[in-house]
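J.: Here it is, the structure, as structure tokens.
Residue numbers (my numbering): 31 to 202.
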């Protein structure tokens with residue numbers, strides 16, 4: 031019975047520490063994301079893609095694609111500025127665990143088992159920039175699928191940083 035009680039207390043303690051660490055990560059990422067309209071622009075772009083792909087009239091569809099170009103460029107620019115701002119975060123604060131479960135202090139005591147979110151966001155910024163470029167040879171539908179995938183991967187990385195890899199994968 032004493033072992034069971036000790037195990038329960040240990041589990042509760044681990045949960046409290048994990049929750050506190052996750053709240054700090056959410057606050058850190060939120061403090062940088064709050065300076066930009068990235069989430070709103072993502073919603074506008076993804077919603078616009080759905081509207082354009084569902085449009086039966088080719089002329090109306092082309093009009094929606096043209097309207098989205100400005101939003102795509104704004105999103106790309108704002109994400110680049112976000113990545114530059116987040117690059118100033120201390121390396122120890124920007125670590126995310128490669129483990130599927132969130133465990134407290136893993137990023138501090140086992141840095142070899144972590145990734146640097148600053149570098150990961152830089153990779154996402156490059157992918158978003160490439161996808162958002164207006165290439166006349168690329169059909170708008172292909173651009174929409176590519177940019178949507180880049181945005182979903184970036185969102186996955188942010189969820190991974192704030193919660194855990196398993197939670198991020200489930201949300202994706």
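The beta carbon of each residue, even a glycine, is placed where N, CA and C say it ideally should be.
#1: Quick check on the DSSP output: the beta strand (DSSP E) that includes residue 125 runs from which residue to which?
#2: Under the assumption that residue 177 contacts residue 158 (Cβ atoms under 8 Å), give the Cβ distance between them as a whole number of angstroms.
#3: Among 164, 135, 116 and 156, which residue has its Cα nearest to the Cα of residue 66?
#4: For residue 120, report the span of its alpha helix (DSSP H) as first-last.
#5: Measuring alpha carbon to alpha carbon, tell me which of 122, 36, 109 and 69 ends up nearest residue 143.
#6: How is residue 131 classed by DSSP in three states: helix, strand or coil?
#7: With residue 63 as the anchor, note down where its alpha helix (DSSP H) starts and where it stops.
#8: Kindly identify the DSSP beta-bridge partner or partners of residue 144.
T.: Looking at the coordinates:
#1: 125-127
#2: 7 Å
#3: 116
#4: It is not in any alpha helix (DSSP H) - residue 120 carries neither H nor E in the DSSP assignment.
#5: 122
#6: coil
#7: 32-63
#8: 127
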